[in-house]
Amino acid sequence: MPSPDCIFCKIVRGEIPSKKVYEDEHILAFEDLNPQGPTHVLVIPKKHIAGLKEASLDDAEVVGRCHLAAAQIARDRNIENGYRTVLNVGPQAGQSVFHLHVHLIGGRQLSWPPG
Ligand code: AMP
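Take 5 as the starting number for the sequence shown in the numbering used here and just add one per residue.
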């Protein structure tokens, strides 16, 4: 179900502008507004899913597509030497937008463990 107040659903509908990186029938990728590295792209399902813990088996394909799109964007940007795909799940992990999104962060040295 589309969510009328969800900012990422609004981006999918074109009601909020975004710097689009990739789009197909199932997913959308766009530049993060507050980038944490030279590459910081968000990849989202067009379908509203609040987050990973709300995803069901029916969502397995689209969640996989989000990750594979992130890998393709990393390939296209020549950052395959090291990048990270991250899903923040729940407020304590820093999730602030409750529409599932894969962060693709790269183009710089990444430390481990993350904070
Ligand atoms: P999270 O904290 O994991 O929920 O990530 C939400 C991300 O969405 C943050 O990195 C924000 O910078 C980013 N963000 C929020 N609003 C927008 C927007 N309108 N366009 C692009 N990125 C956004």
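Using N, Cα and C, we set each Cβ at its ideal position, and we do this for glycine too.
Practice problem: Could you name the residues of the same chain whose beta carbon sits closer than 7 Å to that of I20, not counting the 5 residues immediately before and after it, in chain order? | Solution: Locating residue 20 in the sequence shown gives position 16, counting from the first residue. Within the same chain, Cβ atoms closer than 7 Å to the Cβ of I20 are found at I11, K14, the five residues on either side in sequence being excluded.
Exercise. Give me whichever residues DSSP pairs with K51 in a beta bridge.
Key: By one-based count along the sequence shown, residue 51 stands at place 47. Looking at the DSSP assignment, K51 forms no beta bridge with any residue, so it has no partner.
Self-check item: Local conformation of V93 per DSSP, three classes
Solution: The residue you call residue 93 lines up with position 89 of the sequence shown. Looking at V93 - three-state DSSP - the assignment turns out to be coil, as it is neither helix nor strand.
Quiz item: So I31 and V66 are in contact, right, with Cβ under 8 Å, and what is the actual spacing, rounded?
Solution: For the purposes of this step, residue 31 is taken as residue 27 along the sequence shown, with counting starting at 1. For the purposes of this step, residue 66 is taken as residue 62 along the sequence shown, with counting starting at 1. With 8 Å as the limit, I31 and V66 qualify as a contact, their Cβ atoms being about 7 Å apart.
Practice problem: Measure the alpha-carbon distance for T43 versus K51 and round it to whole angstroms. | Solution: In the sequence shown, residue 43 corresponds to position 39, counting from 1. In the sequence shown, residue 51 corresponds to position 47, counting from 1. Going from the Cα of T43 to the Cα of K51 covers about 24 Å.
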